[in-house]
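Count the sequence shown with UniProt numbering and you get residues 1 to 225, in order. From the three backbone atoms N, C-alpha and C, an ideal C-beta is built for every residue, glycine too. Only a predicted model underlies this, so the values are computations on that prediction, with no experimental measurement involved. Notes follow the structure.
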Amino acid sequence: MSEQSRNISDEQSPRRLVSSTTDYEGRIWDVVSETFRLDDDGDPITRDFIRHPGAVAILVLDDQDRVLLLRQYRHPVRMDLWEIPAGLLDQEGEEFVDAAARELAEEADITASQWHVLIDLFLSPGSSSEALRVYLARGIGEVPAADRHERTHEEAEITLAWVELDAAVSAVLEGRIHSPSAAAAILAARVARDNDFIDLRPAMSPWPEHPSQHGSWPRGAVIED
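Set out below in structure tokens:
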């Protein structure tokens with residue numbers, strides 16, 4: 001690997017914030033308008049974006065080299081999408097991997113004994129602060145019937161399917177799977193598997209890119225220049 005390749009890494013880049021206001025407060029996320037300067041002498045720039053609590057997703061891989069996919073209706077795109085289990089980080093103080101285990105149990109009635117970080121993403125960094133951590137879950141078990149979560153609304157229509165990893169890769173490359181978390185996770189899992197999973201990070205690895213780890217401006221904050 002070249003020296004340049006080893007040095008490729010996203011990094012924090014705080015800029016001078018002039019103002020931050022909340023234009024819309026939603027049930028899950030807000031739309032905020034922030035004005036900032038790229039440097040002290042630069043002109044003010046204003047950007048509107050979604051302030052998001054972040055999320056976790058899970059690529060489940062069983063001992064037959066199959067991944068768990070679920071089909072769910074997504075109203076903004078008016079489509080049933082094949083996805084991987086995922087959920088919001090909306091419970092204060094919950095560890096990221098614990099949130100992933102909870103979402104896996106709630107959406108798929110599945111438990112796992114082996115957890116690793118598979119990939120970290122910003123799903124739409126030009127318009128949203130949403131940070132997503134995808135875990136690889138192995139050592140699969142089932143949630144007892146008496147303890148299973150009652151799914152409602154769109155989740156009530158969830159359909160589960162176990163798909164061979166190589167077949168899932170083909171579905172991504174042929175344009176049959178459109179979920180960004182599923183596509184990225186499936187391709188990453190293929191690479192990780194072919195490398196015997198040796199490059200994966202422990203489940204409790206730091207996640208400094210998540211907004212909770214570097215602070216964020218509160219709703220309605222205004223910072224004077």
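Between which two residues does the alpha helix (DSSP H) harbouring Ile186 extend? 180-194
Can you name the residues that DSSP bridges to Arg138? Gln114
Quick one: Cα of Gly87 to Cα of Val134, how far? 11 Å
Please determine if the region 123-131 and the region 39-57 are in contact, where contact requires at least 3 C-beta pairs separated by less than 8 Å. yes
Buried or exposed: where does Ser179 fall if 16 or more other Cβ atoms within 10 Å of its Cβ makes it buried? buried
On the criterion of 16 or more Cβ atoms from any shown chain inside 10 Å, does Pro85 qualify as buried, or is it exposed? buried
Could you name the residues that DSSP lists as bridge partners for Trp162? Leu68
Could you tell me whether the region 95-105 touches the region 156-164, where touching means 3 or more Cβ pairs closer than 8 Å? no
Rounded to whole angstroms, how far is the Cβ of Ala137 from the Cβ of Val56, which I believe are closer than 8 Å? So it is not a contact: roughly 11 Å between Cβ atoms.
With a 10 Å radius around its C-beta and 16 neighbouring C-beta atoms as the bar for buried, classify Ala182 as buried or exposed. buried
Identify whether Asp147 lies in helix, strand or coil by the three-state DSSP scheme. helix
If you measure between the beta carbons of Asp120 and Glu209, is that distance less than 8 Å? yes
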